[in-house]
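Trainee: For the protein sequence lines, the chains are W and S, in the order given.
Quick note on numbering: the first sequence equals residues 1 to 345 in the UniProt record's numbering.
Quick note on numbering: the second sequence equals residues 1 to 345 in the UniProt record's numbering.
Every residue gets a Cβ at the ideal spot worked out from N, C-alpha and C, and that includes glycine.
There are 2 protein chains.
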Amino acid sequence: MTMADDTQRSGHVPTLADVARAARVSSATVSRCLNEPHRVTRQTRERVMRVVRELGYAPNFGARALAARRTDTFGAVIPTMDNAIFARGLQAFQEEMGRHGITLLVASSSYDPGLEQEQIRNLAARGVDGVMLIGHDRPEDSYRLLQRRGVPYVVTWSHDPSQPHPSIGFDNRKAMMALMEQVIRLGHRHVGLLSGVRYGNDRARLRAEGVAESMQRAGIAADNLTTVEARYSIDAGAAGFAQLMQRRPRPTVVVCGNDVLAAGALRQARAMGLNVPGDVSITGFDDIDLAEIVTPGLTTVHVPHRQMGRGAAEILMKLRDGQDPVPPVELKASILWRESLGAAP
Amino acid sequence: MTMADDTQRSGHVPTLADVARAARVSSATVSRCLNEPHRVTRQTRERVMRVVRELGYAPNFGARALAARRTDTFGAVIPTMDNAIFARGLQAFQEEMGRHGITLLVASSSYDPGLEQEQIRNLAARGVDGVMLIGHDRPEDSYRLLQRRGVPYVVTWSHDPSQPHPSIGFDNRKAMMALMEQVIRLGHRHVGLLSGVRYGNDRARLRAEGVAESMQRAGIAADNLTTVEARYSIDAGAAGFAQLMQRRPRPTVVVCGNDVLAAGALRQARAMGLNVPGDVSITGFDDIDLAEIVTPGLTTVHVPHRQMGRGAAEILMKLRDGQDPVPPVELKASILWRESLGAAP
DNA sequence: TTGTTACTTGTAAGCGCTTACATCGCGTCA
DNA sequence: TGACGCGATGTAAGCGCTTACAAGTAACAA
Numbered sequence: 001m002t003m004a005d006d007t008q009r010s011g012h013v014p015t016l017a018d019v020a021r022a023a024r025v026s027s028a029t030v031s032r033c034l035n036e037p038h039r040v041t042r043q044t045r046e047r048v049m050r051v052v053r054e055l056g057y058a059p060n061f062g063a064r065a066l067a068a069r070r071t072d073t074f075g076a077v078i079p080t081m082d083n084a085i086f087a088r089g090l091q092a093f094q095e096e097m098g099r100h101g102i103t104l105l106v107a108s109s110s111y112d113p114g115l116e117q118e119q120i121r122n123l124a125a126r127g128v129d130g131v132m133l134i135g136h137d138r139p140e141d142s143y144r145l146l147q148r149r150g151v152p153y154v155v156t157w158s159h160d161p162s163q164p165h166p167s168i169g170f171d172n173r174k175a176m177m178a179l180m181e182q183v184i185r186l187g188h189r190h191v192g193l194l195s196g197v198r199y200g201n202d203r204a205r206l207r208a209e210g211v212a213e214s215m216q217r218a219g220i221a222a223d224n225l226t227t228v229e230a231r232y233s234i235d236a237g238a239a240g241f242a243q244l245m246q247r248r249p250r251p252t253v254v255v256c257g258n259d260v261l262a263a264g265a266l267r268q269a270r271a272m273g274l275n276v277p278g279d280v281s282i283t284g285f286d287d288i289d290l291a292e293i294v295t296p297g298l299t300t301v302h303v304p305h306r307q308m309g310r311g312a313a314e315i316l317m318k319l320r321d322g323q324d325p326v327p328p329v330e331l332k333a334s335i336l337w338r339e340s341l342g343a344a345p
Numbered sequence: 001m002t003m004a005d006d007t008q009r010s011g012h013v014p015t016l017a018d019v020a021r022a023a024r025v026s027s028a029t030v031s032r033c034l035n036e037p038h039r040v041t042r043q044t045r046e047r048v049m050r051v052v053r054e055l056g057y058a059p060n061f062g063a064r065a066l067a068a069r070r071t072d073t074f075g076a077v078i079p080t081m082d083n084a085i086f087a088r089g090l091q092a093f094q095e096e097m098g099r100h101g102i103t104l105l106v107a108s109s110s111y112d113p114g115l116e117q118e119q120i121r122n123l124a125a126r127g128v129d130g131v132m133l134i135g136h137d138r139p140e141d142s143y144r145l146l147q148r149r150g151v152p153y154v155v156t157w158s159h160d161p162s163q164p165h166p167s168i169g170f171d172n173r174k175a176m177m178a179l180m181e182q183v184i185r186l187g188h189r190h191v192g193l194l195s196g197v198r199y200g201n202d203r204a205r206l207r208a209e210g211v212a213e214s215m216q217r218a219g220i221a222a223d224n225l226t227t228v229e230a231r232y233s234i235d236a237g238a239a240g241f242a243q244l245m246q247r248r249p250r251p252t253v254v255v256c257g258n259d260v261l262a263a264g265a266l267r268q269a270r271a272m273g274l275n276v277p278g279d280v281s282i283t284g285f286d287d288i289d290l291a292e293i294v295t296p297g298l299t300t301v302h303v304p305h306r307q308m309g310r311g312a313a314e315i316l317m318k319l320r321d322g323q324d325p326v327p328p329v330e331l332k333a334s335i336l337w338r339e340s341l342g343a344a345p
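#1: Kindly indicate which three-state DSSP category Ser27 of chain W falls into: helix, strand or coil?
#2: Distance cutoff 8 Å, beta carbons only. Does Asn172 of chain S sit that close to anything in chain W?
#3: If you measure between the beta carbons of Glu116 of chain S and Gly309 of chain S, is that distance less than 8 Å?
#4: Note down, in chain order, each residue of its chain lying with its Cβ closer than 8 Å to the Cβ of Asp259 of chain S, except the 5 sequence neighbours on either side.
#5: Since Gln91 of chain S meets chain W, which of its residues come closer than 8 Å, beta carbon to beta carbon?
#6: At 4 residues or longer, and completely inside the stretch 36 to 105 of chain S: list those alpha helix (DSSP H) runs for me, N to C.
#7: Please specify which runs of the beta strand (DSSP E), each continuous and at least 3 residues long, are wholly inside the stretch 207 to 258 of chain W, giving them in chain order.
#8: Tyr199 of chain S: buried (16+ other C-beta within 10 angstroms of its C-beta) or exposed?
#9: Would you identify the three-state DSSP class for Glu116 of chain W, choosing helix, strand or coil?
#10: Can you give me the C-alpha to C-alpha distance between Met317 of chain S and Val131 of chain S, rounded to a whole angstrom?
#11: So, are the CB atoms of Val280 of chain S and Val191 of chain S less than 8 Å apart?
#12: Are any of the Cβ atoms in chain W nearer than 8 Å to that of Val13 of chain S?
#13: So what does Ile134 of chain S bridge to, in DSSP terms?
#14: With a threshold of 8 Å between beta-carbons, can Pro152 of chain S be considered close to chain W, or not?
#15: Taking just the CA atoms, how far does Pro166 of chain W sit from Ala208 of chain W?
#16: Only counting the same chain, and skipping five residues up and downstream in sequence, which positions put a Cβ closer than 7 Å to that of Met177 of chain S?
#17: Look up His302 of chain W in the DSSP assignment and give the residues it is bridged to.
#18: Beta-carbon within less than 6 Å of Ser108 of chain W's beta-carbon, same chain only, minus the 5 sequence neighbours each way: which residues are those?
#19: Does Met1 of chain W come out as helix, strand or coil in the three-state DSSP assignment?
#20: Would you tell me roughly how many angstroms separate the C-alpha atoms of Arg9 of chain S and Gly114 of chain W, rounded to the nearest one?
#21: Quick one: using the 10 Å Cβ neighbour count with 16 as the cut-off for buried, is Gly219 of chain W buried or exposed?
#22: Evaluate His100 of chain W with the Cβ neighbour count: other Cβ atoms within 10 Å of its Cβ, from every protein chain shown; 16 or more gives buried, anything less gives exposed.
#23: Using a Cβ-Cβ distance cut-off of 8 Å, determine whether Val51 of chain W contacts chain S.
#24: Answer yes or no: the CB of Thr299 of chain S versus the heavy atoms of the ligand GTP, is any distance below 7 Å?
#25: So, under 8 Å CB-CB, Leu16 of chain W and Phe170 of chain W are touching, yes? Tell me the CB distance rounded to an integer number of Å.
#26: With respect to the alpha helix (DSSP H) encompassing Ser195 of chain S, which residues constitute its N-terminal and C-terminal limits?
#27: Note down, in chain order, every chain S residue with its Cβ under 7 Å from the Cβ of Arg149 of chain W.
#28: For the putative contact between Val155 of chain S and Leu133 of chain S, defined by C-beta atoms under 8 Å, what is the C-beta separation to the nearest angstrom?
#29: Does the CB of Arg138 of chain W have a neighbour CB from chain S at under 8 Å?
#30: Which of the three DSSP states, helix, strand or coil, is assigned to Val260 of chain S?
#31: Determine the DSSP secondary structure at Ala343 of chain W, reduced to helix, strand or coil.
#32: Return helix, strand or coil for Gly169 of chain W, following the three-state DSSP convention.
#33: When the distance is taken between beta carbons, is Val40 of chain W closer than 8 Å to Arg53 of chain W?
#34: Does the beta-carbon distance from Ala344 of chain S to Thr252 of chain S come in below 8 Å?
#35: Does any C-beta atom of chain S lie closer than 8 Å to the C-beta of Pro304 of chain W?
#36: For a contact defined as C-beta to C-beta under 9 Å, what are the partners of Arg70 of chain S on chain W?
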């Protein structure tokens with residue numbers, strides 16, 4: 001008969017109805033077998049599941065989401081996948097989600113607020129049940145978009161109680177100030193700041209502010225701080241470092257906005273025949289794998305990536321389940337000593 | 001009736017119908033404004049678009065996919081996001097897709113064929129118009145799944161004309177043999193192979209085979225090759241290196257399955273007080289950023305990541321547009337000399 | 001026997017969109 | 001003037017699923 005033919009037809013993607021027909025039950029029963037197996041007799045269930053397997057049936061996600069009004073999918077928008085800055089945190093986030101049967105959709109914004117907004121909109125359109133965001137800085141519109149659609153979100157990588165958003169992260173300014181305290185203690189008075197691009201990036205901004213504030217508190221002239229902004233890439237870090245080394249008097253330490261920049265600085269230092277930390281000290285931020293394997297090892301700020309990722313997942317699930325409000329969570333960042341920071345020459 | 005009330009209800013996500021009502025047109029017209037603006041008069045279009053903005057309307061992706069039977073979304077399943085091995089290629093893939101108005105969904109399989117299959121199924125259920133896969137090795141089922149649902153796919157990172165799948169990549173065995181030729185030329189006769197896990201990973205397998213075959217061709221006893229398998233992580237690389245250094249006679253070179261392992265090896269060598277390449281040479285594979293910034297710089301196999309990513313996107317779009325068959329594309333990998341490979345001591 | 005309960009299964013109404021087809025005006029041309 | 005074509009818009013039929021509700025059945029107590 002033609003029904004069978006239809007089912008077999010190459011190129012035809014089997015639907016619930018195909019399965020129902022072949023198993024001689026209604027589509028509702030098939031749906032139940034898939035979603036609430038206990039509500040179906042074993043006999044029926046087994047027959048249905050066999051057909052499901054034979055036909056290679058997989059539910060159409062869009063249709064399911066449309067009918068059920070939930071997707072069991074969360075989204076994350078991270079600034080970049082190009083380096084490992086967010087990898088560990090995201091991995092932990094993903095693992096925690098997986099444990100709860102939730103799928104993760106990852107999008108990257110290339111550190112571009114406009115693009116990020118588009119990605120958020122995209123995730124919302126895909127019906128995600130929640131979104132993880134990096135940092136607080138973004139157009140108010142982006143937040144409104146989510147609120148209006150009733151999509152819960154959590155901000156990570158940054159702790160700022162003045163912001164009205166659910167969040168989990170650490171105080172970037174404070175962390176940088178803790179590092180600077182050590183830098184200053186070691187006698188450095190001329191510092192080069194190799195910052196990430198601050199526009200639309202509160203982490204970069206707060207870290208930079210932390211440097212300036214520490215110097216001010218220590219009574220060091222603002223003049224003694226030279227700042228260069230660079231994209232977060234090794235090459236840009238190298239170029240930025242070279243630029244800082246032009247400055248006279250030459251900085252005795254280059255404080256970097258993150259480890260990727262620091263790795264670039266280190267490379268450039270080597271290329272220029274500068275000894276680190278003998279001639280110039282270099283510090284990083286984030287403590288990604290990179291920080292450990294470069295030579296000399298980077299003294300950096302250790303960020304609790306995994307804890308942050310896991311925590312973000314938990315918050316998001318609470319939010320989805322209606323718990324509201326969830327207070328901001330502050331995590332501690334600590335200084336990790338390796339070899340790249342030494343006494344001022 | 002309740003419709004008007006419904007529209008006002010706070011928390012209500014606006015639909016096409018809401019927009020249509022507010023703009024006093026039919027839902028078909030709104031749909032046209034969004035998808036084929038030229039088919040609507042400017043006047044109507046502007047009125048509609050204003051309402052769209054006011055209501056913050058965003059189309060429901062699932063519903064659209066359901067009705068239109070296409071998603072303008074492609075998927076990629078990569079083994080890991082934890083390190084940068086696939087980052088550059090994926091970035092290029094993404095960029096090319098973006099140029100064509102296509103969204104990319106990225107999933108990671110943790111180098112687990114079972115998980116990969118699940119991710120493929122997931123992407124298929126989400127209605128992606130095509131999938132990028134890494135390497136050839138996977139259960140036949142995974143391929144069947146895609147074929148049965150008519151989802152085009154392209155295999156990357158590997159070139160193997162004997163495989164019946166559309167692909168773009170390089171010959172991992174040949175590339176490794178080219179590197180080994182140099183290793184042997186430099187007098188190395190005792191080699192340690194720090195391989196990635198070969199099960200379900202043809203790249204790792206073929207690279208390892210390349211090492212063995214090169215030695216055989218050079219008339220070096222198979223005994224002189226010691227192989228250790230490790231997960232692709234820095235720590236595992238370090239541990240594997242330590243293990244290889246136990247072997248007597250000690251290998252004069254450690255050939256690594258990729259740069260991440262090599263970075264781990266380098267770290268361990270330093271920890272053991274071994275000079276590279278003075279006491280022992282180390283080689284990498286892939287030429288990711290890491291390879292350049294470690295000390296000494298890694299001599300490695302340069303892989304045309306970006307070219308591969310872009311090419312994969314092009315192939316996938318051809319496939320989607322019905323062009324079939326698309327012959328496998330072979331890219332060239334070349335040796336990139338830095339400092340970590342030297343003459344045998 | 002009959003009513004009640006507990007389960008299993010089926011029926012059918014949407015979910016929010018796209019699109020084939022119908023309709024409506026209006027300018028054009030013989 | 002009327003037939004015609006054409007562009008703009010509306011109508012309505014699904015796309016593949018979930019789920020409230022109805023219907024059917026078997027077990028059991030009264």
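Mentor: This is what the structure holds:
#1: Position 27 of the first sequence, counting from 1, holds the residue named residue 27 of chain W. It is helical.
#2: For the purposes of this step, residue 172 of chain S is identified with residue 172 of the second sequence, where counting begins at 1. No, because no Cβ of chain W sits closer than 8 Å to the Cβ of Asn172 of chain S.
#3: As a first step, residue 116 of chain S is located in the second sequence; it is residue number 116 there, counting from the start. As a first step, residue 309 of chain S is located in the second sequence; it is residue number 309 there, counting from the start. Their beta carbons are not under 8 Å apart, which means Glu116 of chain S does not touch Gly309 of chain S by this criterion.
#4: On the second sequence, residue 259 of chain S is found 259 positions in, with the first residue counted as 1. Cβ within range, chain order: Ile85, Gly284, Phe285, Asp286, Asp287, Ile288, Leu290, Ala291, Leu298, Thr300.
#5: Position 91 of the second sequence, counted from the start, is the residue given in the question as residue 91 of chain S. Near Gln91 of chain S (Cβ distances below 8 Å), the residues of chain W are Met81, Asp82.
#6: 42 to 55, 61 to 68, 87 to 99
#7: 225 to 230, 253 to 256
#8: Working through the second sequence from its first residue, we reach residue 199 of chain S at position 199. Of the other Cβ atoms in all chains shown, fewer than 16 fall within 10 Å of the Cβ of Tyr199 of chain S; this residue is therefore exposed.
#9: Here the question's residue 116 of chain W lines up with position 116 in the first sequence. Note: Glu116 of chain W maps to helix in three-state DSSP.
#10: For the purposes of this step, residue 317 of chain S is identified with residue 317 of the second sequence, where counting begins at 1. For the purposes of this step, residue 131 of chain S is identified with residue 131 of the second sequence, where counting begins at 1. Roughly 10 Å separates the two Cα atoms.
#11: By one-based count along the second sequence, residue 280 of chain S stands at place 280. By one-based count along the second sequence, residue 191 of chain S stands at place 191. Going by C-beta atoms, Val280 of chain S is not nearer than 8 Å to Val191 of chain S.
#12: Locating residue 13 of chain S in the second sequence gives position 13, counting from the first residue. Interface residue, yes.
#13: Residue mapping note: residue 134 of chain S aligns to position 134 of the second sequence, counting from 1. Answer is S:Thr156, bridged to Ile134 of chain S.
#14: Position 152 of the second sequence holds residue 152 of chain S. So no, Pro152 of chain S is outside the interface.
#15: The residue you call residue 208 of chain W lines up with position 208 of the first sequence. The residue you call residue 166 of chain W lines up with position 166 of the first sequence. Distance between the alpha carbons of Ala208 of chain W and Pro166 of chain W is about 24 Å.
#16: Indexing the second sequence from 1 puts residue 177 of chain S at position 177. Counting only Cβ-Cβ distances below 7 Å, and skipping sequence neighbours, we find Gly210, Glu213, Ser214.
#17: Numbered from 1 along the first sequence, position 302 holds the residue referred to as residue 302 of chain W. BP columns for His302 of chain W point to W:Asp286, W:Ser334.
#18: Translated into positions along the first sequence, residue 108 of chain W becomes position 108. These residues qualify, in order along the chain: Ile78, Thr80, Met81.
#19: For the purposes of this step, residue 1 of chain W is taken as the residue at position 1 of the first sequence. Since pLDDT at Met1 of chain W reaches only 32, below the 50 mark, its modelled position is unreliable, and no value is offered.
#20: Translated into the one-based positions of the second sequence, residue 9 of chain S becomes position 9. Translated into the one-based positions of the first sequence, residue 114 of chain W becomes position 114. Residue confidence for Arg9 of chain S is low, a pLDDT of 35 falling below 50, so the modelled location carries little weight; the figure read from the coordinates is stated next. About 29 Å.
#21: Taking the first residue of the first sequence as position 1, residue 219 of chain W is located at position 219. Looking at its Cβ environment, which holds fewer than 16 other Cβ atoms inside 10 Å, Gly219 of chain W is exposed.
#22: In the first sequence, counting from the first residue as 1, residue 100 of chain W sits at position 100. The residue in question, His100 of chain W, is exposed, as its Cβ has fewer than 16 Cβ neighbours within 10 Å.
#23: On the first sequence, residue 51 of chain W is found 51 positions in, with the first residue counted as 1. No, because no Cβ of chain S sits closer than 8 Å to the Cβ of Val51 of chain W.
#24: Ligands displayed in this structure: none; no statement on the ligand GTP is therefore possible.
#25: Taking the first sequence and counting its residues from 1, the one referred to as residue 16 of chain W is at position 16. Taking the first sequence and counting its residues from 1, the one referred to as residue 170 of chain W is at position 170. In fact, because the Cβ distance is near 48 Å, the residues do not count as touching under 8 Å.
#26: In the second sequence, the residue the question calls residue 195 of chain S occupies position 195. Run containing Ser195 of chain S: none in the alpha helix (DSSP H); it sits in the beta strand (DSSP E), 191 to 196.
#27: Along the first sequence, one-based indexing puts residue 149 of chain W at 149. By Cβ distance, chain S contributes Val13.
#28: Sequence index remark: in the second sequence, residue 155 of chain S carries index 155 (1-based). Sequence index remark: in the second sequence, residue 133 of chain S carries index 133 (1-based). Between Leu133 of chain S and Val155 of chain S the Cβ distance is about 5 Å, and since that is below 8 Å, they are a contact.
#29: Locating residue 138 of chain W in the first sequence gives position 138, where the first residue counts as 1. Any Cβ of chain S closer than 8 Å to the Cβ of Arg138 of chain W would place that residue at the interface, and such an atom is absent.
#30: Within the second sequence, the letter at position 260 stands for residue 260 of chain S. Correct three-state label for Val260 of chain S: helix.
#31: Numbered from its first residue, the first sequence carries residue 343 of chain W at position 343. Correct three-state label for Ala343 of chain W: coil.
#32: On the first sequence, position 169 is the one that residue 169 of chain W refers to. Strand, per DSSP.
#33: Along the first sequence, one-based indexing puts residue 53 of chain W at 53. Along the first sequence, one-based indexing puts residue 40 of chain W at 40. No, the Cβ-Cβ distance between Arg53 of chain W and Val40 of chain W is not below 8 Å.
#34: The sequence position of residue 344 of chain S within the second sequence is 344, counting from 1. The sequence position of residue 252 of chain S within the second sequence is 252, counting from 1. In this structure, Thr252 of chain S lies closer than 8 Å to Ala344 of chain S by Cβ.
#35: Indexing the first sequence from 1 puts residue 304 of chain W at position 304. It does not: the Cβ of Pro304 of chain W has no partner Cβ on chain S nearer than 8 Å.
#36: Along the second sequence, one-based indexing puts residue 70 of chain S at 70. Within chain W, no residue comes near Arg70 of chain S; the closest Cβ sits about 11 Å away, beyond 9 Å.
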